[in-house]
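Residue numbers (the numbering used here), protein chains in the order written: chain G, 13 to 177; chain D, 256 to 414.
Worksheet for the structure shown next.
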């Protein structure tokens, strides 16, 4: 299973599918490449600084600091740190994955890292402003008020599910 | 703007680090490079998959499917679309807003927006690459369930 769905095999599959689309519907084939290129540029514009930050974080921040802030004894402080970092940090979710991994490696708990990931994905200040503008303050406010406790619940269940085995 | 801030922050800290300790800075960059090599292929595969998705799953197709009907089918459809779609929030919110004004149910729109940001089926292989399959499955599954619950509550209150 794992071998079958490796990144390399998926790439080969995508390449074959794209060639097929090119033959069946050339216009759609061009669109696939154009769309992918747009995202490639977006990714390339944001990835290098994030990698630099991860490298600096990895070498400069001692393990003890992360453990203290987000480790098993961090309690409420850990949750608040995870929420704060997730809200303030910028960039798409895939940029959060490597950061979250280095947090885990430095001794942060799965619970806090899960909160960090979910918050990063769903609660962002510019995003909230946009939601208020287009869906109204009632909709945005209520959704935000429901999302935050949900994230904590999700992370709680996730941690207990992962611990069971 | 956002990108400029991140670049400024990264380069500023890098310069600061360079002044403080050359060897440590070099080790940081080496670590960053190794990290890049480990994630390059999955990221490339994800980008390509996004290219496919944007081509075949257009916003108009989504709006057709969750447009006017409400109830369970609308919520379920919206939640599934939100989980699969990779639309930037800056496109998704205006789209969701226009659907809402056209008479789509509050629950369906809430389900769509919430799963869009919290559940990522297309990015799941990438996520599993970092955190393992079990973590990825449960995080996305639990997020999906919570999104539906949030949608139902919002429909009750605002609908």
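Every residue gets a Cβ at the ideal spot worked out from N, C-alpha and C, and that includes glycine.
Apart from the 5 residues on each side of it in sequence, residue 65/G has no Cβ closer than 7 Å to any other Cβ in its chain. Judged by DSSP in its simplified three-state form, residue 176/G adopts coil rather than helix or strand.
In the structure shown, residue 275/D falls within a helical segment according to DSSP collapsed to helix, strand and coil. Less than 8 Å divides the Cβ of residue 283/D from the Cβ of residue 67/G. Rounded to whole angstroms, residue 156/G and residue 414/D show a C-alpha spacing of 17 Å.
Looking at the backbone, the Cα of residue 151/G and that of residue 360/D are separated by about 12 Å. DSSP places residue 64/G in the uninterrupted alpha helix (DSSP H) bounded by 38-72.
In the three-state scheme derived from DSSP, where H, G and I count as helix and E and B as strand, residue 414/D is classed as coil.
Counting C-beta atoms within 10 angstroms of its own C-beta, residue 390/D has 16 or more neighbours from the protein chains shown and is therefore classed as buried. Three or more Cβ pairs closer than 8 Å define a contact, and the region 347-364 of chain D meets that threshold against the region 141-148 of chain G. Under the three-state reduction of DSSP output, residue 310/D falls in the helix class. Here residue 73/G has 118 as same chain residues with Cβ atoms under 8 Å from its own Cβ, once five neighbours each way along the sequence are excluded.
With respect to residue 330/D, residue 376/D sits apart: the two C-beta atoms are not nearer than 8 Å. Near chain D, meaning a CB-to-CB distance below 7 Å, the residues of the region 152-171 of chain G are 154, 155, 158, 159, 162, 165, 166, 169, 170. Closest option to residue 173/G, judged by alpha-carbon separation, among 126/G, 130/G, 134/G: 126/G.
Secondary structure at residue 83/G: coil, using DSSP grouped into helix, strand and coil. Put simply, the CB of residue 83/G is far from chain D, with every gap to its CB atoms at 8 Å or more. By the Cβ neighbour-count rule, residue 84/G is exposed, with fewer than 16 other Cβ atoms within 10 Å of its own. With respect to residue 308/D, residue 23/G sits apart: the two C-beta atoms are not nearer than 8 Å. Going by C-alpha positions, residue 122/G is about 47 Å away from residue 35/G. At a cut-off of 8 Å between C-beta atoms, residue 124/G does not count as an interface residue with respect to chain D. Counting C-beta pairs with one atom in each stretch, the region 261-280 of chain D and the region 78-93 of chain G have fewer than three that are closer than 8 Å, which means they do not touch.
The Cβ neighbour count for residue 362/D, taken over all protein chains shown within 10 Å, is at least 16; the residue is labelled buried. Residue 34/G is outside the set of residues whose beta carbon lies under 8 Å from a beta carbon in chain D. Taking a cut-off of 8 Å on C-beta distances, the region 88-100 of chain G does not touch the region 43-59 of chain G, as fewer than three cross pairs fall below it. Shown here for residue 159/G: same chain residues with a beta carbon closer than 8 Å to its own, the five before and five after excluded, namely 134, 135 in chain order.
Residues are counted here when their Cβ sits less than 7 Å from a Cβ of chain G; for the region 275-288 of chain D these are 279, 282, 283, 284, 286, 287, given in chain order. Using beta-carbon distances, residue 127/G does not count as an interface residue toward chain D, since no partner is under 8 Å. Closest in C-alpha terms to residue 410/D, from the list 25/G, 154/G, 169/G, comes 154/G. Residues of chain D whose Cβ lies closer than 7 Å to the Cβ of residue 63/G are, in chain order, 287, 290, 291. For residue 22/G, the secondary structure class from DSSP, reduced to helix, strand or coil, is helix. Rounded to whole angstroms, the separation of the alpha carbons of residue 405/D and residue 292/D is 39 Å. Look at residue 339/D here: in three-state DSSP terms it is helix. Using a Cβ distance threshold of 8 Å, residue 397/D and residue 170/G count as a contacting pair.
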